[in-house]
Amino acid sequence: EDKVVQSPLSLVVHEGDTVTLNCSYEVTNFRSLLWYKQEKKAPTFLFMLTSSGIEKKSGRLSSILDKKELSSILNITATQTGDSAIYLCAVAGGGSQGNLIFGKGTKLSVKP
Amino acid sequence: SAVISQKPSRDICQRGTSLTIQCQVDSQVTMMFWYRQQPGQSLTLIATANQGSEATYESGFVIDKFPISRPNLTFSTLTVSNMSPEDSSIYLCSVVRGADYGYTFGSGTRLTVV
Numbered sequence: 050e051d052k053v054v055q056s057p058l059s060l061v062v063h064e065g066d067t068v069t070l071n072c073s074y075e076v077t078n079f080r081s082l083l084w085y086k087q088e089k090k091a092p093t094f095l096f097m098l099t100s101s102g103i104e105k106k107s108g109r110l111s112s113i114l115d116k117k118e119l120s121s122i123l124n125i126t127a128t129q130t131g132d133s134a135i136y137l138c139a140v141a142g143g144g145s146q147g148n149l150i151f152g153k154g155t156k157l158s159v160k161p
Numbered sequence: 026s027a028v029i030s031q032k033p034s035r036d037i038c039q040r041g042t043s044l045t046i047q048c049q050v051d052s053q054v055t056m057m058f059w060y061r062q063q064p065g066q067s068l069t070l071i072a073t074a075n076q077g078s079e080a081t082y083e084s085g086f087v088i089d090k091f092p093i094s095r096p097n098l099t100f101s102t103l104t105v106s107n108m109s110p111e112d113s114s115i116y117l118c119s120v121v122r123g124a125d126y127g128y129t130f131g132s133g134t135r136l137t138v139v
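Which chain is which? The protein sequence lines are A and B, in order. Under my numbering, the first sequence has 67 at position 18, and the numbering climbs by one with no breaks. Under my numbering, the second sequence has 69 at position 44, and the numbering climbs by one with no breaks.
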């Protein structure tokens, strides 16, 4: 069965800290791995990683895909209270064409 | 990325009634999906909305409970039928235009069934 596992499930840090969120996957027909930030309802796209693009960076956020280890990390440096959210990892692949398989998410709380 | 308008944003409904959620995209898209996020859980795919044919449902979801329409390449609806409190969730539509464009989500519908 295809699955995506995220760790930790929750994390509390203080402003300025650096955090690393983990995602591992067992998904057939892997096509890409995506990271989303969910603050209220709609997940907001952060990164998409594929075999041809295994490292992405945007400001304080960066992500790496390790296809050998079937995993990815999302790094956030110099965290701010506005980074508080649920971070979702999703993998495009599996039996159904085109849909995403989601992990349970990591709830990040950044304290002032 | 595509811009998606989803409505209603939220609703509180009586058990036994039905609610239709609409998803309008600003451009034609090849694939549209409907997801559910139950409280404290991650997103689960309900079905793939196929233009011009019946939706493809995931295991555990049936057409009688979640009928889906997709009359064209920019619009889809999801109906939650004969609702019970267990249907209280966030419902999200998602689109992908191609393998290199990623997946975009609508703003979501927060449904509470009382």
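From the three backbone atoms N, C-alpha and C, an ideal C-beta is built for every residue, glycine too. Fair warning: this is a prediction, and the values are worked out from it, not measured in the lab.
- The continuous stretches of beta strand (DSSP E) do not include I103 of chain A, and DSSP gives it neither H nor E.
- Under the DSSP assignment, Q55 of chain A falls in the beta strand (DSSP E) whose first and last residues are K52 to S56.
- Look at N148 of chain A: its C-beta is under 8 Å from a C-beta on chain B.
- Residue contact with chain A for R135 of chain B: present (Cβ-Cβ distance below 8 Å to some residue of chain A).
- Secondary structure of E64 of chain A (DSSP, three-state): coil.
- For I88 of chain B, not one C-beta of chain A is nearer than 8 Å to its own C-beta.
- Of the residues assessed, K117 of chain A falls on the exposed side of the cut-off, its CB having fewer than 16 other CB atoms within 10 angstroms.
- Per DSSP, S132 of chain B has no beta bridge partner at all.
- The C-alpha of A141 of chain A lies about 24 Å from the C-alpha of G77 of chain B.
- When the five nearest sequence neighbours on each side are left out, the beta carbons in the same chain lying within less than 6 Å of the beta carbon of T99 of chain A are those of S81, in order along the chain.
- Among the residues facing chain A, G85 of chain B is not included, as its CB has no counterpart in that chain under 8 Å away.
- Residue pairing by DSSP puts M56 of chain B in a beta bridge opposite B:V121.
- Annotation for T102 of chain B: T45, Q47 and S94 place their beta carbon closer than 6 Å to its own, counting only its chain and skipping 5 residues before and after.
- Taking C-beta atoms as the reference points, D36 of chain B and L98 of chain B fail to come closer than 8 Å.
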